[in-house]
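S.K.: Just so you know, the protein sequences line up as chains A and B, in that order. Under this note's numbering, the letters of the first sequence match residues 18 to 138, in that order. Under this note's numbering, the letters of the second sequence match residues 13 to 162, in that order. Just so it is clear, CB atoms sit at the ideal spot from N, CA and C, and this is done for glycine as well.
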Amino acid sequence: MITPRFDSTVHTPNLLRICAMLSKVSEAEFSALRDALGVADPALSKYLKALTEAGYVRTSKLPLGGRRHTWVSLTPQGRTAFLGHIAELNRLAADELPPPRTPTSSAATRNTATTAEASST
Amino acid sequence: MESSGHDLDGSLAAVDDAIGSLAARISAPRWYHWGIGALVAQHVVVQGVDDRIWTLPSGALLVVGCAILWLAWRTHLGLTIGAWEGWRSALALGCRSLLALTCVWTAARWPQQGLVLGAAAVALVGSVWLGRRYDRAIAADLSRARLAPR
Chain A
18 MITPRFDSTV HTPNLLRICA MLSKVSEAEF SALRDALGVA DPALSKYLKA LTEAGYVRTS
78 KLPLGGRRHT WVSLTPQGRT AFLGHIAELN RLAADELPPP RTPTSSAATR NTATTAEASS
138 T
Chain B
13 MESSGHDLDG SLAAVDDAIG SLAARISAPR WYHWGIGALV AQHVVVQGVD DRIWTLPSGA
73 LLVVGCAILW LAWRTHLGLT IGAWEGWRSA LALGCRSLLA LTCVWTAARW PQQGLVLGAA
133 AVALVGSVWL GRRYDRAIAA DLSRARLAPR
């Protein structure tokens, strides 16, 4: 059960996108995230540092072919925070929508309008 | 907290875009599916050989080869996909495994040369075709699993 909860760390646009991508895969490599986001290496490092400090992502470095590849994954805490944040955004977005028009409410509106018209005359 | 409708829509759209860009990245290189197909096909051919001494080395080659190819594919893609992303990809993966098992069983049950080579060819081509179907299915499953309401 996901509890809708606004999370100011996750709400930052690029951090939100990183969490969204990580929520759909088990792990993502640093360069894959960088290419998908279209940001430079230092910027992505900064975003990942912020998420790591919040305890939302974990990174692991694996040497392969003479290079060290950094793999990033969402922690259970990060997944909960992200899904709670999305639930809260969806809740807020739903609250902002105009109420659906039902035949009953339309009839009530018409009756109110008629009453107001009659009282004004 | 105050947030305008524009901010909310923008945030939810950013989430969908991020998942969409991730789904667009998922495509295995050509060698991956041909490699898997070749590994299955060699095992099918070995089943048609009378001498059972090759069954174990062939099975080991199949398992180790698939593991190495999977690691190479993961590094190439830069992503590790979870075991379950949706029924379409699970179905494609299930069909691929079933095809491989059927071809191996056919070659072991009726070890005539023509039938064994036919089963190996079906295993090779079928693995490539179903592998590509799996790529498309996993991308579709990820795209459909967007988080914002539409």
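1) Roughly how many angstroms separate the alpha carbons of GLU44 (chain A) and GLY143 (chain B), rounded to a whole number?
2) Given a threshold of 16 other Cβ atoms within 10 Å of its Cβ, counted over all protein chains shown, does LYS41 (chain A) qualify as buried or as exposed?
3) Report the residue from B:LEU91, B:VAL61, B:VAL76 and B:ALA104 whose alpha carbon sits nearest the alpha carbon of ARG121 (chain B).
4) By Cβ distance below 8 Å, which residues in the same chain neighbour ARG22 (chain A) in space, the five residues on each side in sequence not counted?
5) Relative to the C-alpha of HIS45 (chain B), which candidate in B:SER33, B:THR114, B:ARG108 and B:SER139 has its C-alpha closest?
6) Please list, in chain order, the residues of the region 29-41 of chain A that have any C-beta partner in chain B closer than 7 Å.
7) Tell me, which residues are paired with TRP88 (chain A) by DSSP?
8) Here's the rule: buried if 16 or more other CB atoms are within 10 angstroms of the residue's CB, otherwise exposed. What is ILE65 (chain B)?
9) Taking 8 Å as the cut-off, does the region 106-117 of chain B touch the region 58-78 of chain A (at least 3 CB pairs, one atom from each stretch)?
10) In three-state DSSP terms, what is THR67 (chain B)?
11) Can you pull the chain B residues whose beta carbon is under 7 Å from the beta carbon of LEU106 (chain A), in chain order?
12) Give the list of continuous alpha helix (DSSP H) stretches no shorter than 4 residues that lie fully inside the region 98-152 of chain B.
13) Bridge partners for LEU24 (chain B) per DSSP, in chain order?
14) Take THR92 (chain A) as the anchor and find which of A:ALA111, A:SER77 and A:ASP52 has the nearest alpha-carbon.
15) Closer than 7 Å by beta-carbon distance: list the chain A residues that pair up with GLY90 (chain B), in chain order.
16) Beta-carbon separation of ILE35 (chain A) and LEU81 (chain A) under 8 Å?
17) Could you check whether the Cβ of ILE31 (chain B) sits closer than 8 Å to any Cβ belonging to chain A?
18) Around the C-beta of VAL23 (chain B), are 16 or more other C-beta atoms found within 10 angstroms, so that it is buried, or is it exposed?
19) Let's test the definition: count the other Cβ atoms within 10 Å of the Cβ of SER101 (chain B) and tell me whether it reaches 16, buried, or not, exposed.
20) Flag this pair as touching only if the region 129-138 of chain B and the region 49-61 of chain B have three or more C-beta atom pairs under 8 Å; answer yes or no.
21) Taking 8 Å as the threshold (beta carbon to beta carbon), is ALA60 (chain A) in contact with chain B?
22) Taking the continuous alpha helix (DSSP H) assigned at GLY47 (chain B), which residues delimit it?
23) Which residues of chain A have a Cβ atom closer than 9 Å to the Cβ of ARG6 (chain B), listed in chain order?
24) Since VAL27 (chain A) is in the alpha helix (DSSP H), which residue starts that stretch and which ends it?
25) Any C-beta of chain B within less than 8 Å: which residues of the region 60-86 of chain A qualify?
26) Does LEU34 (chain B) have its Cβ less than 8 Å from a Cβ in chain A?
27) Could you tell me whether any Cβ in chain A is nearer than 8 Å to the Cβ of GLY94 (chain B)?
M.R.: Once the coordinates are examined:
1) Roughly 21 Å separates the two Cα atoms.
2) LYS41 (chain A) should be labelled buried.
3) Sorting B:LEU91, B:VAL61, B:VAL76 and B:ALA104 by C-alpha distance to the C-alpha of ARG121 (chain B) places B:VAL61 at the top.
4) Within the same chain, and ignoring the five residues on either side of ARG22 (chain A) in sequence, the residues whose Cβ sits closer than 8 Å to its Cβ are ALA98, GLY101, HIS102, ALA104 and GLU105.
5) Nearest to HIS45 (chain B) by alpha-carbon distance, out of B:SER33, B:THR114, B:ARG108 and B:SER139, is B:SER139.
6) Sequence-ordered contacts of the region 29-41 of chain A with chain B read PRO30, LEU33, ARG34, ALA37, MET38 and LYS41 [C-beta pairs closer than 7 Å].
7) BP columns for TRP88 (chain A) point to A:GLU46 and A:SER77.
8) It counts as exposed.
9) The region 58-78 of chain A, when compared against the region 106-117 of chain B, does not touch it at the 8 Å Cβ threshold.
10) Reduced to three states, the DSSP call for THR67 (chain B) is helix.
11) Result: LEU20, SER23 and LEU24.
12) With a minimum length of 4 residues, the unbroken runs of alpha helix (DSSP H) contained wholly in the region 98-152 of chain B fall at 99-121.
13) LEU24 (chain B) pairs with nothing; no bridge assigned.
14) THR92 (chain A) has its Cα closest to that of A:SER77, out of A:ALA111, A:SER77 and A:ASP52.
15) Those within 7 Å of GLY90 (chain B) in chain A are ALA45, GLU46, SER48 and ALA49.
16) For ILE35 (chain A) and LEU81 (chain A), no; Cβs fall outside 8 Å.
17) For ILE31 (chain B), the answer is yes, since a Cβ of chain A falls inside 8 Å of its Cβ.
18) The sequence shown places Ser at residue 23 (chain B), rather than the Val named in the question. SER23 (chain B) counts as buried, since no fewer than 16 other beta carbons sit within 10 angstroms of its beta carbon.
19) Classified as buried, SER101 (chain B) has 16 or more neighbouring CB atoms from the shown chains inside 10 Å of its CB.
20) With the cut-off at 8 Å, the region 129-138 of chain B and the region 49-61 of chain B touch.
21) No, no contact with chain B.
22) Run containing GLY47 (chain B): 42-59, per the alpha helix (DSSP H) assignment.
23) Outside the shown range of chain B (13 to 162) lies residue 6 (chain B), about which nothing can therefore be said.
24) Per DSSP, VAL27 (chain A) belongs to the alpha helix (DSSP H) from 25-28.
25) For the region 60-86 of chain A, the beta-carbon criterion of a distance under 8 Å to any beta-carbon of chain B is satisfied by LEU81 and HIS86.
26) Cβ-Cβ to chain A under 8 Å: yes for LEU34 (chain B).
27) Chain A, which has a Cβ nearer than 8 Å to the Cβ of GLY94 (chain B), makes this yes.
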